[in-house]
Each structure stands twice: as structure tokens, then as C-alpha cells.
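Okay, so here's the structure we're looking at.
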Amino acid sequence: MVNIDLSYVLRPDELMHARLRMARRRRIIVWALAIAFLVLGLALTLGHGGHGPDSTGFLCIGAGVMYILLLTLGTRMGIKKQVSRLCKPTQVLLTVDRFTIETDLERGEFKWAAIIKIRETGRAFLLHPSPRLFIVIPKRAFAPEQLTEFSAFVAGRDAATPKGAPVVQEHVSQ
Numbered sequence: 001m002v003n004i005d006l007s008y009v010l011r012p013d014e015l016m017h018a019r020l021r022m023a024r025r026r027r028i029i030v031w032a033l034a035i036a037f038l039v040l041g042l043a044l045t046l047g048h049g050g051h052g053p054d055s056t057g058f059l060c061i062g063a064g065v066m067y068i069l070l071l072t073l074g075t076r077m078g079i080k081k082q083v084s085r086l087c088k089p090t091q092v093l094l095t096v097d098r099f100t101i102e103t104d105l106e107r108g109e110f111k112w113a114a115i116i117k118i119r120e121t122g123r124a125f126l127l128h129p130s131p132r133l134f135i136v137i138p139k140r141a142f143a144p145e146q147l148t149e150f151s152a153f154v155a156g157r158d159a160a161t162p163k164g165a166p167v168v169q170e171h172v173s174q
């Protein structure tokens with residue numbers, strides 16, 4: 001029977017880790033586009049023997065650089081904006097049928113049936129009430145026996161309900 005009460009302050013590095021896990025496919029696509037634009041730009045710029053450099057090549061190189069800046073600086077700036085709202089003292093109550101999360105700014109209560117996906121990484125549990133929204137519960141907030149109990153609950157929950165949230169276990173080296 002799960003009845004776990006947690007208290008923690010989410011750290012910026014945990015938020016960054018969770019956000020990077022969340023957008024893994026998108027980052028792969030953007031990196032592929034950036035590399036393609038850079039290669040195409042270099043080919044167009046350097047490929048014209050006596051004609052001189054091609055402005056289309058420089059445009060492609062610029063687009064590749066912009067994609068790289070979007071990936072690196074855009075992610076960091078987004079995290080910086082979220083830190084003041086999300087990295088606050090947080091209380092979480094996990095029970096068999098629902099969980100409640102509360103900070104000084106907001107309070108949310110979710111039934112487990114509303115969670116469409118649960119990701120378990122090496123550092124945290126990411127609970128997804130929608131495809132683009134996630135709630136981070138760091139594993140360091142759990143006592144060892146609570147962590148074992150909750151991991152078993154999450155694994156059993158997927159097996160017990162045919163329409164339950166898929167549990168994605170990502171074992172990532174830290």
C-alpha cells in the first residue's frame with residue numbers, strides 16, 4: 001500500500017536533466033538539421049571552383065549555427081525562466097489512487113489514471129499528465145525503502161492496468 005509523503009526542493013540541474021530527457025527526440029532532429037545545414041552550406045560555399053563563394057551556402061551555414069544556438073542557449077534560457085517557479089520547497093503525497101503536489105504558488109492533485117506516461121531515470125521520476133507537461137520527483141527525496149516501494153508501485157501499475165500509463169525506464173549514467 002503506497003502512502004508516501006515527500007518534501008524536497010528541486011535543483012536547477014535536476015530540472016535541466018528532466019527537460020533534456022523530455023525533449024530527446026526533438027533535440028536529435030534539431031541536431032541532425034543543424035549538421036545537414038552546416039554540411040550543405042560548406043559544400044555550396046567551397047564547391048564553386050572559379051565562381052566565388054555562394055550566398056546560399058552562407059545562408060545554410062547561418063541556419064545551422066542558429067539551430068545549434070537554439071539547442072544550447074535556448075534550453076538554458078528556458079530553464080533559467082522556470083527555476084524561480086519550479087525550484088521551490090515542494091510537498092508531494094503519493095497514494096494508491098492519486099498524488100498531490102504543492103508549493104507556495106500552486107497545488108495540484110492528479111489521479112493516477114490521468115498520468116499518460118511515467119519515466120524513471122537514474123535521478124528522478126517524470127510524471128506526464130499530458131504529452132508536453134511533466135512533473136519531476138527527484139529520487140533523492142525518497143528514503144531507500146520508499147524508493148523501492150514506489151518503483152514497485154509504478155512497475156506494478158503498468159502491469160495491472162491494460163490502459164495504464166506506460167512506464168519508460170531510462171537507465172542513464174550520471
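The opening residue of the sequence shown carries number 1 in my numbering; numbering runs sequentially from there. Every residue gets a Cβ at the ideal spot worked out from N, C-alpha and C, and that includes glycine.
Item: What did DSSP end up calling ALA155 once you bin it into helix, strand or coil?; Value: helix
Item: Spatial neighbours of VAL30 within its chain, please: CB distance less than 8 Å, with the 5 preceding and 5 following residues excluded, ordered by chain position.; Value: TYR67, LEU70, LEU71
Item: Can you list, in chain order, the residues of its chain whose CB lies under 6 Å from that of ALA141, leaving out five sequence neighbours each side?; Value: LEU6, TYR8
Item: Roughly how many angstroms lie between the CA atoms of GLN146 and LEU105, to the nearest whole one?; Value: 26 Å
Item: Exposed or buried, what is PHE58 when buried is set at 16 or more other beta-carbons lying within 10 Å of its beta-carbon?; Value: exposed
Item: Decide yes or no for the touch test of the region 117-136 against the region 31-39: beta carbon pairs closer than 8 Å, at least 3 of them.; Value: no
Item: Any idea what DSSP makes of GLU145, helix, strand or coil?; Value: helix
Item: Enumerate in chain order the residues of its own chain whose CB-to-CB distance from GLU109 is below 7 Å, with the five nearest sequence positions on each side excluded.; Value: ARG98, THR100
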